[in-house]
Amino acid sequence: MQVKIAKVKQIIDQSNNIVFFGGAGMSTESGIPDFRSADGIYKQKYNYPPEQILSINFFKRHPDVFYDFLKEKVLTPILAAQPNQGHIKLAQMEKAGKLKAVITQNIDGLHQRAGSENVLQLHGSIKNNYCLKCGKNFSLDYFAKKEGTVYCDRCDGLIHPGAVLFGEPLDSMIMRKTKEYISQAEVLIVAGTSMIVQPAAALVNYYQGDKLILLNLTQVSNRRINYFLKGKAGELLSQLYTDT
Ligand code: CNA
Numbered sequence: 374m375q376v377k378i379a380k381v382k383q384i385i386d387q388s389n390n391i392v393f394f395g396g397a398g399m400s401t402e403s404g405i406p407d408f409r410s411a412d413g414i415y416k417q418k419y420n421y422p423p424e425q426i427l428s429i430n431f432f433k434r435h436p437d438v439f440y441d442f443l444k445e446k447v448l449t450p451i452l453a454a455q456p457n458q459g460h461i462k463l464a465q466m467e468k469a470g471k472l473k474a475v476i477t478q479n480i481d482g483l484h485q486r487a488g489s490e491n492v493l494q495l496h497g498s499i500k501n502n503y504c505l506k507c508g509k510n511f512s513l514d515y516f517a518k519k520e521g522t523v524y525c526d527r528c529d530g531l532i533h534p535g536a537v538l539f540g541e542p543l544d545s546m547i548m549r550k551t552k553e554y555i556s557q558a559e560v561l562i563v564a565g566t567s568m569i570v571q572p573a574a575a576l577v578n579y580y581q582g583d584k585l586i587l588l589n590l591t592q593v594s595n596r597r598i599n600y601f602l603k604g605k606a607g608e609l610l611s612q613l614y615t616d617t
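Listed below in structure tokens is the structure:
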């Protein structure tokens, strides 16, 4: 393990063209549960699996159940969270000119709060809430403070949270930029993701190099991975980038 860390650290030290691709596991060290770990949202008991509740069809059919789940299991932990050492390290790597982009499946905004500037949020952001009927935008503050299901104060339409729901397409501009960054990266760090949720997971296949580093608590099945470090992403990033 230590040998591998030394090898991966050397790769990171030597590159000024690193791209990061992360998932929910990047924020578990900030106290936000992921979906698939032992204590993740999937392992808790609900009448429906999270992927079903957080889908566009379910949202339109059962907005009250959707909102209960969203507020209790997603928004509350996100609002209580602070960036962890991993988020901070990535922001430092960007400032040092080594990291070109952070691509994340997370909606929590912790990368930006840690100081990262070029962040591509594939699955949206908790900040960009909007009315399904008239399109009016609503701040996170408005959205989070309302009890129960949130409706538009202008037309009474249902407010769609900023997250891209299962069954909805990803933003084509963000997809395009993601493909560009990944295909041009010398080093691709993938961290805290089960690489199951599509189409996000398949974007990693645009990588053309031979320095794909996975930082994860568990191994994931992807033949493109060149280096796997098993452990917590935040702790590993702290050991891998020490030039501050
Ligand atoms: P996932 O499917 O829950 O997988 C998480 C992965 O991270 C698993 O392989 C874990 O073993 C691993 N993991 C957990 N903690 C750590 C850690 N500290 N260090 C390294 N690895 C760890 O999550 P994905 O991101 O792959 O799934 C994509 C979904 C989850 C996306 O749509 C996200 O929007 C959604 N999600 C986001 C958040 C958030 O914004 N923080 C929280 C929960 C779910």
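Okay, so the sequence shown: first residue is 374 according to the working numbering, each after it adds one.
Using N, Cα and C, we set each Cβ at its ideal position, and we do this for glycine too.
Residue i - containing beta strand (DSSP E), residue span
i, result
"Y440", "Element bounds for Y440: not the beta strand (DSSP E) but the alpha helix (DSSP H), 436-442."
"Y503", "502-504"
"Q494", "492-494"
Opposing strand residues paired with residue i [DSSP bridges]
i, result
"Y600", "I586"
"G395", "T477, A564"
"I547", "I547 is not bridged to any residue."
"V593", "Bridge partners of V593: none, in fact."
"G497", "A536"
"N510", "Y503"
"Y365", "Residue numbering for the chain in the displayed model covers 374 to 617; residue 365 lies beyond these limits and cannot be assessed."
"L472", "I391"
Own chain residues within Cβ distance below 8 Å of residue i, not counting five before or after
i, result
"E378", "The amino acid at residue 378 is misidentified as Glu; the sequence shows Ile. So the qualifying residues of the chain are L602, L609, Q612, L613."
"R527", "C504, C507, K509"
"I384", "V560, K584, I586, Y600"
"P572", "L543, M548"
Residue i vs residue j beta-carbon contact at 8 Å
i, j, result
"I499", "L513", "yes"
"M568", "N479", "no"
"F394", "I476", "yes"
"S388", "E559", "yes"
"G607", "N589", "no"
"N501", "N510", "yes"
"E402", "G459", "yes"
"Y440", "G521", "yes"
"I562", "I391", "yes"
"I547", "Y503", "no"
"L452", "A517", "yes"
"P450", "R486", "no"
"N595", "V577", "yes"
"L543", "L495", "yes"
"K550", "L493", "yes"
Close-in-space but distant-in-sequence residues of the same chain around residue i (CB under 7 Å, 5 per side omitted)
i, result
"E581", "Looking at the sequence itself, residue 581 is Gln, so the reference to Glu does not match. So the list reads S556, once near-sequence residues are dropped."
"I598", "L585, L587"
"M374", "Reliability fails at M374, whose pLDDT of 41 lies under 50, so the model's placement of it is uncertain and the value that follows must be treated cautiously. Here the set comprises nothing."
"E467", "S489, E490, N491"
"F432", "F439, L538"
Residue range of the unbroken alpha helix (DSSP H) whose run includes residue i
i, result
"L463", "458-468"
"L613", "606-613"
"P406", "Where P406 is concerned, there is no enclosing alpha helix (DSSP H), given that its DSSP letter is neither H nor E."
"L483", "483-487"
"D514", "513-518"
"E424", "423-426"
"P450", "449-453"
Residue-level contact to chain C via CB, residue i, 8 Å cutoff
i, result
"D441", "Protein chain content of the structure displayed is limited to a single chain, and chain C is not contained in it."
Sequence-distant residues of its chain with Cβ nearer than 6 Å to residue i (five each side left out)
i, result
"F539", "E424, L427, S428"
"K382", "L613"
"G497", "I480, G535, A536, V537"
"D616", "none"
"A574", "M568"
"A464", "A487, G488, S489"
"F442", "I426"
Considering only heavy atoms of ligand 1, list every residue whose Cβ is less than 5 Å from one of them, following chain order. G396, A397, G398, S400, T401, E402, I405, D407, F408, R409, S410, Q478, N479, I480, D481, H496, G565, T566, S567, V570, N589, L590, T591, K605, A606
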